[in-house]
Amino acid sequence: MSEFKKRAIVTGASRGIGAAIASLFGKSGYSVTVNYNKSREAAEAVAAETGGAAFKADVSVPEEAEALVNGAGGAGILVLNAGVSLIKQIQDTTPEDWRRVFSVNVDGAYNVIRAAVPFMLREHWGRIIIISSMWGIRGASCEAAYSASKSALLGLTKALSKELGPSGITVNCLCPGVIDTEMNAGLGEETLRCLVEDTPLLRLGTAEDVAGAALFLASGSASFITGQVISVDGGFAV
Ligand code: NAP
Numbered sequence: 004m005s006e007f008k009k010r011a012i013v014t015g016a017s018r019g020i021g022a023a024i025a026s027l028f029g030k031s032g033y034s035v036t037v038n039y040n041k042s043r044e045a046a047e048a049v050a051a052e053t054g055g056a057a058f059k060a061d062v063s064v065p066e067e068a069e070a071l072v073n074g075a076g077g078a079g080i081l082v083l084n085a086g087v088s089l090i091k092q093i094q095d096t097t098p099e100d101w102r103r104v105f106s107v108n109v110d111g112a113y114n115v116i117r118a119a120v121p122f123m124l125r126e127h128w129g130r131i132i133i134i135s136s137m138w139g140i141r142g143a144s145c146e147a148a149y150s151a152s153k154s155a156l157l158g159l160t161k162a163l164s165k166e167l168g169p170s171g172i173t174v175n176c177l178c179p180g181v182i183d184t185e186m187n188a189g190l191g192e193e194t195l196r197c198l199v200e201d202t203p204l205l206r207l208g209t210a211e212d213v214a215g216a217a218l219f220l221a222s223g224s225a226s227f228i229t230g231q232v233i234s235v236d237g238g239f240a241v
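When you read off a place in the sequence shown, starting at 1, and then add 3, the result is the number in our numbering.
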């Protein structure tokens with residue numbers, strides 16, 4: 004397999020789901036660029052574990068996303084994972100809140116994909132894996148901005164799969180359920196207990212659960228799968 008096909012960029016990989024994806028890809032023989040924005044030390048620790056390199060870039064800034072991709076020399080595998088959440092009622096969601104959520108979750112994915120696609124077109128090969136959320140499918144009360152941003156990623160996945168398929172590039176989307184990461188640290192025990200009760204498999208997901216699905220989508224076993232929205236949620240969204 005060419006070196007390009009074994010090169011991966013994982014955005015937001017300093018902790019949580021992104022760190023687990025970077026770590027699993029590293030263990031599976033991929034050379035991984037571990038992107039972070041604020042958490043340098045954590046990202047460097049992940050990079051040391053994966054044998055890859057940490058790279059600081061705020062993906063919401065087009066020039067930084069471009070520097071991330073160019074710094075890696077392009078990559079055959081892109082995992083668009085960087086994301087921020089927001090729990091607020093709509094009337095309390097300020098235009099700045101709304102913009103921040105969309106700028107990281109949606110613009111961030113667009114910025115990195117836009118910079119990386121020319122490399123993939125040159126190689127006639129690519130695997131784009133977008134991390135959305137089950138709330139992008141179902142919608143979450145008091146999380147309108149977050150849910151809307153994650154829904155946008157479903158449209159991005161489907162449209163891009165049609166545009167890029169003829170060029171040998173697959174585009175798929177993972178929708179995690181309730182995953183035990185820092186993002187959910189503020190939810191409180193009672194809320195988490197209710198969410199587990201609503202999950203048919205009766206547990207929180209782990210970052211490794213999501214990483215396994217991402218590795219599958221990057222593998223040869225998934226070469227005829229594109230434009231798909233795959234839930235990794237213990238059955239929550241069924
Ligand atoms: P997390 O623990 O809060 O980690 C978020 C990651 O995103 C961090 O590495 C953070 O890096 C990075 N990040 C944030 N803003 C960034 C920016 N502007 N540029 C680059 N990196 C940025 O979150 P998580 O739970 O692992 O979630 C990862 C993804 O899965 C997100 O897209 C989230 O929406 C999605 N998801 C999570 C769950 C869940 O239950 N946890 C469920 C469904 C979907 P720095 O600290 O360095 O800024």
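Think of the CB as a built atom: it goes at the ideal place given N, C-alpha and C, for glycine as much as any other residue.
One Cα belongs to Ala-68, the other to Val-115, and the distance between them is close to 5 Å. DSSP, read as helix, strand or coil, puts Asn-114 in helix. One Cα belongs to Val-120, the other to Ala-56, and the distance between them is close to 21 Å.
From the listed residues Phe-122, Ile-132 and Gly-158, the smallest Cα separation to Gly-139 is found for Gly-158.
Distances taken from the Cβ of Tyr-113 to the heavy atoms of the ligand NAP include none shorter than 7 Å. Look at Phe-219 here: in three-state DSSP terms it is helix. Residue pairing from DSSP leaves Pro-121 without any beta-bridge partner.
Judged by the Cβ position, Thr-14 qualifies as a neighbour of the ligand NAP at the 7 Å threshold, a heavy atom of the ligand being closer than this. Taken through DSSP and simplified to helix, strand or coil, Leu-207 comes out as coil. At least one heavy atom of the ligand NAP lies less than 7 Å from the C-beta of Ile-134. The shortest C-alpha to C-alpha distance from Val-199 to any of Asn-38, Val-181 and Ile-20 is the one to Val-181. Straight across, the Cα-Cα distance linking Ser-26 with Arg-10 is about 13 Å.
Under the three-state reduction of DSSP, Cys-145 is assigned to coil, being neither helix nor strand. Residue environment for Glu-146: buried (at least 16 other C-beta atoms within 10 angstroms of its C-beta). Not one heavy atom of the ligand NAP is found less than 7 Å from the C-beta of Ala-148. Burial of Lys-153 is indicated by the presence of at least 16 other C-beta atoms within 10 angstroms of its C-beta.
Cβ-Cβ distances below 6 Å link Ile-93 to Ala-147 in the same chain, with the five nearest sequence neighbours on each side left out; the list follows chain order.
Judged by DSSP in its simplified three-state form, Leu-167 adopts helix. For Arg-10, the pairing in a beta bridge is given by DSSP as Ser-34.
In the three-state DSSP reduction, Gly-15 falls in the coil class, being neither helix nor strand.
A residue is called buried when at least 16 other Cβ atoms come within 10 angstroms of its Cβ; Val-241 does not meet this threshold and is exposed.
By the beta-carbon neighbour count (other beta carbons within 10 angstroms, threshold 16), Ile-132 is buried. At a Cβ-Cβ threshold of 8 Å, Gly-76 and Trp-128 do not count as neighbours.
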